[in-house]
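Report on one structure; see the data block that follows.
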Amino acid sequence: MSSGDYTVTYQEGLEIFKTGWAKSWLAALFLLMALVPFIADTYFIYMANITGIFAIGALGLNLLTGNGGLISLAHGGFMAVGAYASGILVAKAGLPFVIALPLSGIIAAGFGLVIGLPALRLKGLYLAMITMGFVFVVEYMINKTPALTGGGEGLMVPDLKLGPWTVNTDIEFYFLIIPILVFLCYFTKNLMRTSFGRALNAIRDRDLAAEVTGVYLAKYKVNAFVLSAFFAGVSGSLYGQYIKLISPDHFGILLSIEYIVIIIIGGLGTVLGTILGSIFINVVPEFLRLFGDVTRSSFPIFSERFGDLREGIFGLLMIIFIVFEPTGLAGIWRRVKIYWKSWPFRY
Amino acid sequence: MNTAQVLPQLFMSGIVIGSIYSLIALGFVIIYKATKILNFAQGELLMFGAYIFFVLSVDLKIPYIFAFLLTLTFAFLLGISLELFLFRKMMGQPVFSLIMITIGLSNVLRSLAAFIWGDMDMVALPSPLPMKPVKILGASLTYPQILTITAMVVMFALFALFFRVTRMGTAIRASCDDQDAAALTGVNINRVFQLAWIMAAVVACVGGIFLGHINYLHISMGFIAIRVFPAIILGGMESITGAVLGGLIIGVAENMAGGLIESGLQDVTAYIVLILVLIIRPYGFFGEKEIERI
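Heads up: the protein sequence lines correspond to chains P and F, in order.
In this text, residue positions in the first sequence follow the working numbering: the first is 210, and each later residue adds one.
In this text, residue positions in the second sequence follow the working numbering: the first is 11, and each later residue adds one.
Okay, structure coming up:
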């Protein structure tokens with residue numbers, strides 16, 4: 210086991226997983242993930258799928274907000290664009306899913322470009338507002354074009370076909386979603402180690418200083434938006450295929466806020482944080498439901514009003530994390546890891 | 011009916027809803043001026059005010075004027091405690107975190123209200139004045155609607171005077187200009203922040219009560235604040251006058267677009283205006299132009 214950073218060659222310095230231990234843990238994790246569908250029940254796999262889909266979108270948002278420091282409330286809208294683009298391409302144009310998936314990401318990315326351009330002039334709360342406006346405009350457009358999108362009644366997405374293989378059950382979806390998630394995690398992790406990632410971090414920390422040191426702000430900000438929207442589009446496309454019937458209600462401003470909660474609770478600017486946050490936000494309501502079931506006899510109000518409380522508890526968690534633990538779950542994880550690595554010594 | 015007949019009615023209804031927008035916008039601007047925070051929970055404060063007033067005046071049958079004053083007292087306490095227990099702890103943190111906290115706060119308040127009042131029927135607040143229509147400028151308005159416009163004008167006048175005349179108002183304007191410099195010259199920044207939150211909560215509750223008169227109470231009535239963002243952007247984030255004018259303009263524009271072009275357009279007009287303003291003139295009509303080249 211390593212107790213510090215003792216790399217001697219550039220090659221070693223560039224590795225993501227520096228020790229054999231880390232690699233074997235990773236292999237064990239992959240093995241576990243591959244085995245899960247055969248052990249767990251359907252509901253667990255369903256939860257894992259939803260978590261995976263949300264984690265893909267949250268990866269994109271974390272790239273933009275955590276690494277780039279650009280607030281976006283538009284991700285609910287980007288996800289809607291991805292879901293509808295993919296749904297329409299498959300249902301109306303009859304394209305195979307293999308083409309529709311990246312294409313829906315690209316269409317969402319196109320919208321990201323449109324939103325990213327004004328973002329060049331705007332920062333902080335102005336950006337929050339314009340991205341929020343985008344969500345409402347998307348909702349309006351979906352409701353206004355029933356011929357194409359099914360309007361308020363929703364759009365039926367046909368069964369997912371990959372060549373001869375029809376993806377139908379939760380387990381099959383699991384083996385579609387999780388590999389995409391793993392690949393995108395790997396991609397993001399690596400991207401953050403390139404000049405692009407470092408430029409984004411520089412923009413987040415101080416945009417003026419970044420520009421002085423030669424980071425072309427316009428290019429990087431727009432690219433970050435485009436890439437981020439692409440992720441959300443892919444996530445939306447998978448979501449549409451998974452739940453089969455999409456309607457504008459699925460993708461409101463509350464979804465955007467939920468995404469923000471994910472990355473704040475998980476930890477801004479880290480891939481691990483995105484994953485932890487997505488798991489957390491899907492697991493906590495389960496505990497709440499459990500709590501509601503347990504107290505049903507003595508306090509029936511908790512199980513009845515569970516839906517109302519859910520949102521408030523997210524909000525409360527968000528406040529608690531910002532005030533007391535701004536680095537999120539990923540930060541806690543890192544501290545615990547460092548503690549055990551050097552245990553019983555202090556360093 | 012032809013356009014010429016509908017026009018005055020659309021205009022005046024726009025002014026009424028615009029007055030509510032203006033009241034909400036005042037709350038936004040006051041907090042922004044003092045603390046540079048954009049308070050996403052402003053609409054939820056409004057919703058809370060309306061429900062508290064409902065409990066006081068309908069459930070507890072307290073006379074209108076006392077219920078009104080008690081609601082304002084509640085708003086005062088709410089504003090103080092929010093500042094004291096939440097935002098004072100975050101002093102000096104990046105604005106990003108503070109905005110995120112207000113988003114979290116709006117979720118908490120909304121779900122709290124849903125938890126307490128979620129199964130209540132949709133009702134309007136009882137009005138002290140009859141719902142009889144009156145003709146004004148070729149449009150018929152009810153008394154509560156006229157009262158709403160009056161309340162907005164009164165609040166605006168009070169705040170404009172406060173910022174112009176009083177010592178504390180000057181202090182808030184100073185800390186809006188430059189917090190550090192204001193603190194150095196002896197402005198008590200904590201007091202400024204506290205006062206800003208109190209005023210914002212009070213103005214939100216007043217807005218909530220009047221919105222309750224002309225509309226129904228429901229848990230998501232706070233979302234109306236989201237439609238006010240375009241108004242403050244249009245008017246400029248730092249300007250009281252801008253907030254009021256922006257609110258009225260958005261109210262009228264929405265009603266006109268909804269009534270004359272297409273009914274669904276009413277809901278998005280504000281955002282279209284928002285996106286246009288942000289692209290063309292991001293600091294609004296009355297806002298301060300910060301020179302920053304990016």
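Glycine included, every Cβ here is placed at the ideal spot set by N, Cα and C.
Treat the numbers as computed from the prediction; the structure is a model and nothing was measured.
If you reduce the DSSP assignment to three classes, tell me which class residue i lands in.
i               : result
I280 of chain P : coil
M365 of chain P : strand
K145 of chain F : strand
K370 of chain P : strand
S150 of chain F : strand
I301 of chain F : For I301 of chain F, the pLDDT reaches just 47, beneath the cut-off of 50, and the residue's location in the model is therefore unreliable, leaving the point undetermined.
V347 of chain P : helix
I528 of chain P : helix
I290 of chain F : helix
V376 of chain P : strand
I473 of chain P : helix
L454 of chain P : strand
Y255 of chain P : helix
S249 of chain F : coil
K546 of chain P : helix
S465 of chain P : helix
S506 of chain P : coil
H223 of chain F : helix
D190 of chain F : helix
L272 of chain P : helix
T340 of chain P : helix
M178 of chain F : helix
Anything in chain P within Cβ reach of residue i, meaning under 7 Å, just list it in chain order.
i               : result
Y281 of chain F : G342, F345, V346
Just to confirm, is the Cβ distance from residue i to residue j under 7 Å?
i               : j               : result
I250 of chain F : V39 of chain F  : yes
L329 of chain P : S437 of chain P : no
F239 of chain F : M527 of chain P : no
V344 of chain P : F320 of chain P : no
G342 of chain P : L284 of chain F : yes
A44 of chain F  : A280 of chain F : no
I484 of chain P : A300 of chain P : no
G476 of chain P : G537 of chain P : yes
F287 of chain P : G442 of chain P : yes
I386 of chain P : P246 of chain P : no
G296 of chain P : G449 of chain P : yes
H223 of chain F : L79 of chain F  : no
Y226 of chain F : W127 of chain F : no
Going along chain P, which residues have a C-beta under 8 Å from residue i?
i               : result
L277 of chain F : Note on residue identity: the sequence assigns Asp, not Leu, to residue 277 of chain F. By Cβ distance, chain P contributes F345, Y349.
F239 of chain F : M338, M341, G342
S121 of chain F : D517, L518, R519, E520, G521, I522, G524
I259 of chain F : None at all; the shortest Cβ gap to chain P is about 16 Å.
Would you verify that the beta carbon of residue i is, or is not, closer than 7 Å to some beta carbon of chain P?
i               : result
G128 of chain F : yes
M373 of chain F : Nothing in the structure corresponds to residue 373 of chain F, since chain F is present only between 11 and 304.
M209 of chain F : no
F220 of chain F : no
L227 of chain F : no
R303 of chain F : With a pLDDT of 41 at R303 of chain F, under the threshold of 50, the predicted position of this residue should be treated as unreliable, though the coordinate-derived value follows. Answer no: the Cβ-Cβ gap between R303 of chain F and chain P never drops below 7 Å.
I285 of chain F : yes
L36 of chain F  : no
L48 of chain F  : yes
Which chain F residues are close to residue i, counting only those with a beta carbon under 9 Å from its beta carbon?
i               : result
A237 of chain P : Going along chain F, no residue has its Cβ under 9 Å from A237 of chain P, so there is no contact; the nearest lies around 35 Å.
E381 of chain P : Near E381 of chain P there are no residues of chain F at all, since even the closest Cβ is about 35 Å away, more than 9 Å.
P535 of chain P : Q103, S107
Does residue i come within less than 7 Å of chain F when only Cβ atoms are used?
i               : result
G524 of chain P : yes
R498 of chain P : no
I474 of chain P : no
R407 of chain P : no
P557 of chain P : Chain P is shown from 210 up to 556; residue 557 of chain P falls before or after that span and cannot be answered.
I541 of chain P : no
I466 of chain P : yes
Kindly list, in the order they appear in chain F, the residues whose Cβ is closer than 8 Å to that of residue i.
i               : result
Y335 of chain P : I243, L288, P292
I528 of chain P : L96, I111, G114, L115, V118
R544 of chain P : Going along chain F, no residue has its Cβ under 8 Å from R544 of chain P, so there is no contact; the nearest lies around 20 Å.
I469 of chain P : M110, I113
Note down, in chain order, every chain F residue with its Cβ under 7 Å from the Cβ of residue i.
i               : result
K353 of chain P : G274
V532 of chain P : K99, M100
L331 of chain P : L288, P292
I280 of chain P : F106
Going along chain P in order, which residues have a C-beta closer than 9 Å to the C-beta of residue i?
i               : result
M178 of chain F : Within chain P, no residue comes near M178 of chain F; the closest Cβ sits about 25 Å away, beyond 9 Å.
I41 of chain F  : Near I41 of chain F there are no residues of chain P at all, since even the closest Cβ is about 11 Å away, more than 9 Å.
> Counting only runs that start and end within the stretch 32-118 of chain F, where is the alpha helix (DSSP H) found for 4 or more residues in a row?
Replying inline: Taking only runs of at least 4 residues, the alpha helix (DSSP H) segments lying wholly in the stretch 32-118 of chain F are 52-64, 74-92.
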